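Undergrad:
Residue numbers (our numbering): 170 to 310.
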């Protein structure tokens, strides 16, 4: 049986590719096992959590990127930050998340609160002034 340089190279490349793929997959598994804070976050609501939309759920044109929590069929229920932090982004849009608030926590995590009916009054006043100054509804601050 005769081997050419090309077939030897191809065999080496195939072995190399296999090693790279195994390395990548094993590291993905390690990253997936990353520890997350225990007893750090609280519930964003003060009533039983019932989910209406799951993370990764297939939608008509995208994957859902959050957890939608039912509010006992009532609008205007209080939503709480899941941990201490600061408001790092305010987003107002006519689609997608609608009114959304992003809170960055000291541990580096960011929590997103979307589909909000309104914000706290102080935030509403600030947002209203920026919207009027820029003469536009949609904001990403």
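Positions of the beta carbon are idealized from the N, C-alpha and C atoms, including for glycine.
None of the values given here were measured: they were computed from a predicted structure.
Since residue 255 is in the beta strand (DSSP E), which residue starts that stretch and which ends it?
TA: Counting from 1 along the chain shown, the entry for residue 255 is found at position 86. 255-261 is the span of the beta strand (DSSP E), which, as asked, contains residue 255.
Undergrad: Evaluate residue 270 with the Cβ neighbour count: other Cβ atoms within 10 Å of its Cβ, from every protein chain shown; 16 or more gives buried, anything less gives exposed.
TA: Taking the first residue of the chain shown as 1, we reach residue 270 at position 101. The residue in question, residue 270, is buried, as its Cβ has 16 or more Cβ neighbours within 10 Å.
Undergrad: Alpha carbon to alpha carbon, how far is residue 245 from residue 217?
TA: Reading the chain shown from its first residue, position 76 is the one you call residue 245. Reading the chain shown from its first residue, position 48 is the one you call residue 217. Spanning the two alpha carbons is a distance of roughly 16 angstroms.
Undergrad: Tell me, which residues are paired with residue 242 by DSSP?
TA: In the chain shown, counting from the first residue as 1, residue 242 sits at position 73. Residue 242 is not bridged to any residue.
Undergrad: Exposed or buried, what is residue 232 when buried is set at 16 or more other beta-carbons lying within 10 Å of its beta-carbon?
TA: Residue mapping note: residue 232 aligns to position 63 of the chain shown, counting from 1. Exposed, since its Cβ has fewer than 16 Cβ neighbours within 10 Å.
Undergrad: Are the beta-carbon atoms of residue 248 and residue 214 separated by less than 8 angstroms?
TA: Against the chain shown, residue 248 aligns to sequence position 79. Against the chain shown, residue 214 aligns to sequence position 45. Against a cut-off of 8 angstroms, the Cβ pair of residue 214 and residue 248 comes out as a contact.
Undergrad: Does the separation of the CB atoms of residue 308 and residue 279 fall below 8 angstroms?
TA: To locate residue 308, count along the chain shown from 1; it is residue 139. To locate residue 279, count along the chain shown from 1; it is residue 110. No, the pair does not count as a contact, with Cβ atoms beyond the cut-off.
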